[in-house]
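Have a look at the structure below before the remarks.
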Ligand code: ATP
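In UniProt numbering, the protein residues as written are 6 to 142.
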């Protein structure tokens with residue numbers, strides 16, 4: 006079955022939105038197969054965002070993400086990669102429709118509260134980066 010990597014970013018953890026975000030994925034019908042809260046190292050986020058390395062906001066993004074806890078999750082279900090991205094909304098919250106997570110809960114691109122894998126291949130890479138096989142159930 007298809008799996009995706011969803012991460013609740015520091016801004017959403019600080020704002021107490023963890024439960025609301027989990028609730029949306031549960032209510033949709035996806036299955037939670039792994040979850041942990043941790044402060045990721047800069048090395049971990051440098052790898053996680055490796056594809057953005059050449060962009061001007063990359064250093065700030067990596068530094069910001071490593072400052073305080075995130076909640077890393079693996080969700081499973083039919084079409085979960087694509088549907089998960091639809092549920093998150095656009096990268097820029099200003100372009101996200103109401104009803105999406107970003108459309109409902111945030112306003113700034115640099116504080117857009119959650120991450121979702123953009124393809125099955127990147128989901129598999131991100132799940133392997135964040136979780137050991139023994140943590141997935
Ligand atoms: P994510 O990977 O977090 O799900 P995404 O795939 O929608 O987001 P990317 O283009 O991969 O978007 O950017 C990764 C993250 O970098 C964004 O979620 C956002 O937090 C941050 N980001 C993107 N563009 C900017 C920008 N112009 N200024 C500041 N931060 C940005």
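Note that CB positions come from ideal geometry on N, CA and C, so glycine has one too.
- For residue 37, the enclosing beta strand (DSSP E) stretches over residues 36 to 43.
- Under the three-state reduction of DSSP, residue 103 is assigned to strand.
- Annotation for residue 111: no beta strand (DSSP E) segment contains it, and DSSP assigns it neither H nor E.
- Contact annotation, residue 13 with residue 26: C-beta distance approximately 5 angstroms; criterion of less than 8 angstroms satisfied.
- In the three-state scheme derived from DSSP, where H, G and I count as helix and E and B as strand, residue 88 is classed as helix.
- When secondary structure is reduced to three states using DSSP, residue 68 falls in the helix class.
- Linking residue 118 to residue 18 through their CA atoms gives a straight-line distance of about 8 angstroms.
- Per DSSP, the continuous beta strand (DSSP E) segment holding residue 10 begins and ends at 8 to 13.
- In the three-state reduction of the DSSP assignment, residue 95 falls in the coil class.
- Exposure of residue 103 is indicated by the presence of fewer than 16 other C-beta atoms within 10 angstroms of its C-beta.
- Three or more beta-carbon pairs separated by less than 8 angstroms are not found between the stretch 92 to 106 and the stretch 62 to 74, which leaves the two stretches without contact.
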